[in-house]
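Chains as they are written, first to last, in this note's numbering: chain A, 3 to 206; chain B, 3 to 206; chain C, 3 to 206; chain D, 3 to 206.
There are 4 protein chains.
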Amino acid sequence: MKAHLQLAELVATCHWIGAKGWAPATGGNMSVREDEIHCLLSASGKDKGSLTVDDFIQVEIASNRAPSGRKPSAETALHTLIYRLFPDAGAVLHTHTVNSTVLSRVEKSDSLVLRGYEMQKSLTGQTTHLDALPIAIFDNDQDIDKLARRIEHFATETPLRYGFLLRGHGLTCWGKDVAQARQHLEGLEFLFECEMNLRLLERT
Amino acid sequence: MKAHLQLAELVATCHWIGAKGWAPATGGNMSVREDEIHCLLSASGKDKGSLTVDDFIQVEIASNRAPSGRKPSAETALHTLIYRLFPDAGAVLHTHTVNSTVLSRVEKSDSLVLRGYEMQKSLTGQTTHLDALPIAIFDNDQDIDKLARRIEHFATETPLRYGFLLRGHGLTCWGKDVAQARQHLEGLEFLFECEMNLRLLERT
Amino acid sequence: MKAHLQLAELVATCHWIGAKGWAPATGGNMSVREDEIHCLLSASGKDKGSLTVDDFIQVEIASNRAPSGRKPSAETALHTLIYRLFPDAGAVLHTHTVNSTVLSRVEKSDSLVLRGYEMQKSLTGQTTHLDALPIAIFDNDQDIDKLARRIEHFATETPLRYGFLLRGHGLTCWGKDVAQARQHLEGLEFLFECEMNLRLLERT
Amino acid sequence: MKAHLQLAELVATCHWIGAKGWAPATGGNMSVREDEIHCLLSASGKDKGSLTVDDFIQVEIASNRAPSGRKPSAETALHTLIYRLFPDAGAVLHTHTVNSTVLSRVEKSDSLVLRGYEMQKSLTGQTTHLDALPIAIFDNDQDIDKLARRIEHFATETPLRYGFLLRGHGLTCWGKDVAQARQHLEGLEFLFECEMNLRLLERT
Numbered sequence: 003m004k005a006h007l008q009l010a011e012l013v014a015t016c017h018w019i020g021a022k023g024w025a026p027a028t029g030g031n032m033s034v035r036e037d038e039i040h041c042l043l044s045a046s047g048k049d050k051g052s053l054t055v056d057d058f059i060q061v062e063i064a065s066n067r068a069p070s071g072r073k074p075s076a077e078t079a080l081h082t083l084i085y086r087l088f089p090d091a092g093a094v095l096h097t098h099t100v101n102s103t104v105l106s107r108v109e110k111s112d113s114l115v116l117r118g119y120e121m122q123k124s125l126t127g128q129t130t131h132l133d134a135l136p137i138a139i140f141d142n143d144q145d146i147d148k149l150a151r152r153i154e155h156f157a158t159e160t161p162l163r164y165g166f167l168l169r170g171h172g173l174t175c176w177g178k179d180v181a182q183a184r185q186h187l188e189g190l191e192f193l194f195e196c197e198m199n200l201r202l203l204e205r206t
Numbered sequence: 003m004k005a006h007l008q009l010a011e012l013v014a015t016c017h018w019i020g021a022k023g024w025a026p027a028t029g030g031n032m033s034v035r036e037d038e039i040h041c042l043l044s045a046s047g048k049d050k051g052s053l054t055v056d057d058f059i060q061v062e063i064a065s066n067r068a069p070s071g072r073k074p075s076a077e078t079a080l081h082t083l084i085y086r087l088f089p090d091a092g093a094v095l096h097t098h099t100v101n102s103t104v105l106s107r108v109e110k111s112d113s114l115v116l117r118g119y120e121m122q123k124s125l126t127g128q129t130t131h132l133d134a135l136p137i138a139i140f141d142n143d144q145d146i147d148k149l150a151r152r153i154e155h156f157a158t159e160t161p162l163r164y165g166f167l168l169r170g171h172g173l174t175c176w177g178k179d180v181a182q183a184r185q186h187l188e189g190l191e192f193l194f195e196c197e198m199n200l201r202l203l204e205r206t
Numbered sequence: 003m004k005a006h007l008q009l010a011e012l013v014a015t016c017h018w019i020g021a022k023g024w025a026p027a028t029g030g031n032m033s034v035r036e037d038e039i040h041c042l043l044s045a046s047g048k049d050k051g052s053l054t055v056d057d058f059i060q061v062e063i064a065s066n067r068a069p070s071g072r073k074p075s076a077e078t079a080l081h082t083l084i085y086r087l088f089p090d091a092g093a094v095l096h097t098h099t100v101n102s103t104v105l106s107r108v109e110k111s112d113s114l115v116l117r118g119y120e121m122q123k124s125l126t127g128q129t130t131h132l133d134a135l136p137i138a139i140f141d142n143d144q145d146i147d148k149l150a151r152r153i154e155h156f157a158t159e160t161p162l163r164y165g166f167l168l169r170g171h172g173l174t175c176w177g178k179d180v181a182q183a184r185q186h187l188e189g190l191e192f193l194f195e196c197e198m199n200l201r202l203l204e205r206t
Numbered sequence: 003m004k005a006h007l008q009l010a011e012l013v014a015t016c017h018w019i020g021a022k023g024w025a026p027a028t029g030g031n032m033s034v035r036e037d038e039i040h041c042l043l044s045a046s047g048k049d050k051g052s053l054t055v056d057d058f059i060q061v062e063i064a065s066n067r068a069p070s071g072r073k074p075s076a077e078t079a080l081h082t083l084i085y086r087l088f089p090d091a092g093a094v095l096h097t098h099t100v101n102s103t104v105l106s107r108v109e110k111s112d113s114l115v116l117r118g119y120e121m122q123k124s125l126t127g128q129t130t131h132l133d134a135l136p137i138a139i140f141d142n143d144q145d146i147d148k149l150a151r152r153i154e155h156f157a158t159e160t161p162l163r164y165g166f167l168l169r170g171h172g173l174t175c176w177g178k179d180v181a182q183a184r185q186h187l188e189g190l191e192f193l194f195e196c197e198m199n200l201r202l203l204e205r206t
C-alpha cells in the first residue's frame with residue numbers, strides 16, 4: 003500500500019521535473035523502492051512530464067531483471083546500486099539539467115565542494131552553511147555496469163550522501179522517500195545554479 | 003478582520019513566491035502582523051507554493067513563543083525583530099533566491115549599493131535613480147538569536163529600510179502591509195538580477 | 003469601435019507582458035491611441051498582469067490632461083510625445099526588463115547598434131540582417147517633461163523608429179497598432195537578450 | 003490519414019515551441035511531409051503558440067509552389083530542400099532561439115562541435131558522449147534560394163544530420179516524424195545551452 007502511495011507521489015514528482023525542464027528529450031529516469039526485493043523504475047524513452055503509473059516497470063534490485071519481461075532503462079543498474087548500498091533509500095531521481103551537466107565538466111576534480119550556502123541545510127543531516135559539502139563526480143561511461151562498479155567501489159571508501167554527478171551527464175540523487183529525494187534534488191539544483199553564477203562572477 | 007484579509011493576501015503571495023522559485027526546497031518563511039502583540043508565521047518545512055491559512059502559527063512578537071505550542075520556524079526571531087524595530091511593518095517575507103544568495107557572497111563589504119536604476123523607485127520613499135541605495139548584508143549565522151541581536155545593534159546606528167541580505171542565505175524584506183512587502187521583494191529581486199548581469203558584463 | 007477592439011487587445015498584451023515578467027513591481031505603462039485627440043493610458047501603480055479596461059485613463063495627446071480628473075501615469079508625456087511625433091503610431095508599450103535596463107547601462111554611447119541578427123526583420127521595414135540598426139539610448143531623468151523635450155529634439159535630427167531605451171530604466175516601443183507594438187517589443191527583447199549574451203561571450 | 007495525425011502532432015509541437023519562447027515575434031516555421039510530392043508548411047506571420055491546422059499550407063516539394071495560391075513562408079525552400087535531400091525526413095522545425103542565434107555567431111568556424119555530453123544520445127543514432135558531433139553552421143543569407151543551394155552543395159560532400167545552424171538566425175532540424183524532430187530540437191537546444199554556459203565558464 004505504501005509503495006502505491008509512493009509511486010503516485012513519484013508520478014507527481016516526474017510531472018514537476020518535466021515542467022522544470024530537468025529531464026528534456028525523454029532523458030532521465032526515476033524509481034521508487036517497492037519492497038526489499040523490488041523497485042519500480044520508469045520505462046525508457048518517455049517524456050517525464052506525462053508519465054503515468056503504468057510507465058513504471060518492476061525490477062529486481064539484486065539482478066536488474068524485470069519479471070514482466072518489459073525493458074527497463076539502460077541506467078537501471080545505477081538505481082539498483084543505490085537501493086543495495088543504502089537500505090534506507092526509498093526513491094532515486096536521475097535528472098539531466100544544464101547546471102549539473104556544465105558544472106560537472108567545469109569542475110575537473112572528482113568532487114564539487116559546496117560551502118557557505120544556507121541551502122546546504124536542505125540536505126538531510128546538514129546543519130550549517132559552514133561545512134564543506136562534497137558532491138562526488140564520476141566520469142561518464144556508456145558501460146553502465148562498469149560505471150556502477152566504479153561508484154560502488156568509491157562508496158566503500160568514501161561516504162556517498164544525497165547524490166552524485168556524472169560528468170557531462172547529470173545528477174542522481176535519493177532520499178528515504180519521494181519527498182526527501184525531491185527535496186535533495188531541489189536543494190542541489192539550487193546550489194548548482196548558485197555555484198555556476200558564483201564561479202562566473204568570481205572567475206579571475 | 004484586517005489581519006484575516008492580510009493573511010489571505012499573504013497566502014496568495016506565498017503561492018506567487020512558490021511559482022517564481024524564490025523559496026525552493028521548503029525554504030523561506032513569511033509572516034503578517036496580527037496585532038501589536040502577535041504575528042502569524044508560516045510553519046517550517048512546507049512548500050511555500052501550497053501553503054494554506056492553517057499553515058500559519060500565531061507567535062508572540064515580544065517572546066517568540068507560540069501560544070498553541072506548535073513549533074514555528076527556526077528563523078522566527080528575525081520576523082519578530084522586524085515587528086519590534088518597525089511598528090509600521092505589517093508583513094515580512096524571507097526568501098531564498100539564487101540572485102540574493104550569490105550577490106551577497108560576491109559583494110564582500112557589508113552592503114550592496116544600488117544606484118542608477120529606475121527600479122529603485124519601487125521601494126517606498128525612493129524618488130530617483132540618482133541616489134545610492136545601500137542594502138545591508140549580514141554574515142550568516144546558525145545562531146538566529148545572535149544574528150538577530152547583531153541586526154538589532156546595526157539598526158540602532160544605521161537606518162535599515164525595505165530589507166537586508168544574509169550572506170549566502172537570502173533576502174528578508176518587509177512593508178506596511180503584504181502588498182508593499184511584495185512590491186519591495188519584486189523590486190529588490192529585479193535590482194539584484196540587474197546587478198548580477200551588470201557586474202558580469204562590466205567585470206574587468 | 004476600432005479603439006475598443008484595440009484596447010481589448012492591449013489588455014491581453016498587458017497580461018502577456020505581466021506573465022513574461024517584463025513590468026515587475028507595478029512598473030511600466032501601456033497606451034493605445036483612441037483618436038487624433040486622445041489616447042488611453044494605463045493607471046499608475048497597478049500590476050500589469052491583472053489590468054482590465056477600466057484601468058485605462060483617457061488622456062489628451064496635446065496637453066497630457068485627463069478629462070476625467072483621474073491621475074494618469076507620471077510617464078504620460080512620453081506616450082503622448084510618440085503620438086504627436088508619429089501620426090501612424092497606434093500603441094505604445096513601456097516596459098521594465100532586466101535586459102533593457104542592463105544593456106542600456108553597459109552601452110555607454112547614445113545608441114545600441116544591432117547588426118547580424120535575422121530577428122532585426124521582426125521590426126517593420128527591416129529586410130536584412132546586414133543593416134546596422136541603431137536603438138537610441140537617452141539618459142534617464144526624473145523630470146519627464148524635460149526628458150520628453152530631449153527626445154523630441156533628438157527626433158528632429160535623427161530618425162527614431164520602433165523604440166528607444168532609457169538608461170537603467172527600460173524600453174519604450176510602439177507600432178501602428180497593438181499587434182505591431184507587441185511584435186516590436188518581442189523582437190527587441192529577443193535582440194537585447196542575444197546582445198547581452200554575445201557581449202558576455204565575446205568580451206575580451 | 004497518417005499525415006493528418008502528424009499534422010495534429012505538429013500543431014501541438016508548435017504550441018509547445020511557442021510556450022518555450024523558441025519562435026518569438028511570429029518567427030520560425032514548421033512543416034510535415036504529406037506524401038512524396040507535398041509537404042504542409044506553416045503560414046507566415048503567425049504566432050506559433052496559437053497555430054491551428056488551418057494555418058498550414060500545402061506546398062509541392064519539387065517546386066516550392068502552393069497549389070492553393072496561398073503564400074507560404076519565405077523560407078519554404080529550406081523545408082523542401084530537407085525533404086528532397088532526405089527521403090526519410092517526415093518533419094522539419096525551424097526555430098529562432100537565443101542560444102542558437104548567439105552560439106552560431108560566437109563560433110566563427112563552419113561547425114559547432116559538441117562532445118562530452120550524454121545528451122548527444124538524444125540525437126538518433128548517437129550512442130556515446132565520446133564522439134565529436136559537428137553541427138554545420140551556414141552564413142545567413144536573405145536570398146533563400148541561394149542559401150538552399152549552398153546547403154545542398156555542402157550536403158553532397160559532408161553528411162548533414164539532425165539539423166544545421168544559420169548564423170545569427172536560428173536552428174533548422176528534422177526527423178523521421180514530428181516526435182523525432184521534436185526530440186532533436188529539444189536535445190540540440192539543451193546542448194546549445196550547455197555549450198553557451200561551458201564557454202562562459204571556461205573562457206580564458
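Idealized CB from N, CA, C, for every residue including glycine. Model, not experiment: these values are computed from the prediction.
- Inter-residue Cα distance where the pair is C/Ser70 and C/Ala45: 12 Å
- In angstroms, rounded to a whole number, what distance separates the CA positions of B/Thr130 and B/Lys123? 6 Å
- Query: Looking only at C-alpha atoms, which of D/Met121, D/Asp112, D/Arg67 sits nearest to D/Ile137?
  - Reply: D/Asp112
- Message: Suppose you measure from the CA of C/Gly47 to the CA of B/Gln182; what does that come to, to the nearest Å?
- Response: 11 Å
- Task: Could you tell me the boundaries of the beta strand (DSSP E) in which C/Ala14 lies?
- Result: No beta strand (DSSP E) holds C/Ala14; the alpha helix (DSSP H) holding it covers 4 to 22.
- Task: Specify whether the region 47 to 56 of chain C and the region 85 to 96 of chain C touch according to this definition: at least 3 beta carbon pairs, one from each stretch, less than 8 Å apart.
- Result: no
- Task: Excluding the 5 residues preceding and the 5 following A/Gln128 in the sequence, name in chain order all residues of the same chain whose CB lies nearer than 6 Å to its CB.
- Result: Gln122
- Task: Tell me whether B/Val115 is buried or exposed, calling it buried when 16 or more other Cβ atoms sit within 10 Å of its Cβ.
- Result: exposed
- What is the residue span of the alpha helix (DSSP H) that B/Gln122 lies within? No alpha helix (DSSP H) contains B/Gln122, which DSSP labels as neither H nor E.
- Task: List the residues of chain A whose Cβ lies closer than 7 Å to the Cβ of D/Tyr119, in chain order.
- Result: Thr103, Gly170
- Using a Cβ-Cβ cut-off of 6 Å (strictly less than) and excluding sequence neighbours within five positions of D/Asn142, which residues of its own chain qualify? Leu168, Arg169, Gly170, His171
- Out of B/Phe192, B/Ala25, B/Asp179, B/Ala10, which has the shortest C-alpha to C-alpha gap to B/Ala91? B/Asp179
- Message: By the 8 Å beta-carbon criterion, what residues does the region 26 to 52 of chain A contribute toward chain D?
- Response: Pro26, Ala27, Thr28, Gly29
- Message: Beta-carbon within less than 7 Å of C/Ala79's beta-carbon, same chain only, minus the 5 sequence neighbours each way: which residues are those?
- Response: Asn66, Ile146, Asp147, Ala150
- Mark D/Asp37 as exposed unless 16 or more other C-beta atoms lie within 10 angstroms of its C-beta, in which case mark it buried. exposed
- Where do the N-terminal and C-terminal ends of the beta strand (DSSP E) with C/Gly189 fall, by residue? Run containing C/Gly189: none in the beta strand (DSSP E); it sits in the alpha helix (DSSP H), 180 to 204.
- Task: Starting from the beta carbon of D/Ser124, find every residue of chain A whose beta carbon is closer than 7 Å, and list them in chain order.
- Result: Ala27, Gly29
- Nearest residue (CA-CA) to B/Pro26, options B/Ala10, B/Thr99, B/Leu42, B/Leu9: B/Thr99
- Message: Buried or exposed for A/Leu193, going by 16 or more other Cβ atoms inside 10 Å?
- Response: buried
- Can a CB atom of chain A be found closer than 8 Å to the CB of B/Leu210? No answer is possible for residue 210 of chain B: the residues shown for chain B start at 3 and end at 206.
- Message: Can you pull out the residues from the region 177 to 204 of chain B whose beta carbon lies closer than 7 Å to at least one beta carbon of chain C?
- Response: Gln185, Glu188, Gly189, Phe192, Glu195, Cys196, Asn199, Leu200, Leu202, Leu203, Glu204
- Going by the CB atoms, is the gap between D/His96 and D/Glu109 shorter than 8 Å? no
- Under 8 Å between beta-carbons, which chain B residues line up against A/His131? List them in chain order, please. Asn142, Gln144, Gly170, His171
- Query: Quick one: what does DSSP say A/Arg2 is sitting in, helix, strand or coil?
  - Reply: An answer regarding residue 2 of chain A cannot be provided, because it is not within the stretch 3 to 206 covered by chain A.
- Message: Checking 8 Å against the spacing of the C-beta atoms, do C/Ile59 and C/Leu42 come in under that value?
- Response: yes
- Query: Is the beta carbon of C/Phe190 sitting closer than 8 Å to the one on C/Cys175?
  - Reply: One detail in the question is off: residue 190 of chain C reads as Leu in this sequence, not Phe. Yes. Within cutoff.
- CA-CA distance, A/Trp18 and A/Glu11? 11 Å
- Under 8 Å between C-beta atoms, does D/Val108 make it to chain C? yes
- Message: Give me the DSSP bridge partner(s) of D/Glu38.
- Response: According to DSSP, D/Glu38 bridges with nothing at all.
- Message: Give me, in chain order, the residues of the same chain whose beta-carbon lies closer than 6 Å to that of D/Leu187; leave out the 5 immediate sequence neighbours on both sides.
- Response: Leu95, Cys175
- Query: For D/His98, which residues in chain C fall below 8 Å Cβ to Cβ?
  - Reply: Glu120, Met121, Phe192
- Take B/Ile39 and list the residues in its own chain whose beta-carbon comes closer than 8 Å to its own, dropping the five residues that flank it on each side. Glu62, Ile63, Ala64
- Item | Burial state of D/Gln8 (16 or more Cβ within 10 Å) | buried
- Query: For B/Leu202, does the count of other Cβ atoms within 10 angstroms reach 16, so buried, or fall short, so exposed?
  - Reply: buried
- Out of C/Gly29, C/Glu204, C/Ala5, which has the shortest C-alpha to C-alpha gap to C/Cys16? C/Gly29
- Message: I'd like to check one pair, D/Glu197 with D/Leu105: are the Cβ atoms closer than 8 Å?
- Response: yes
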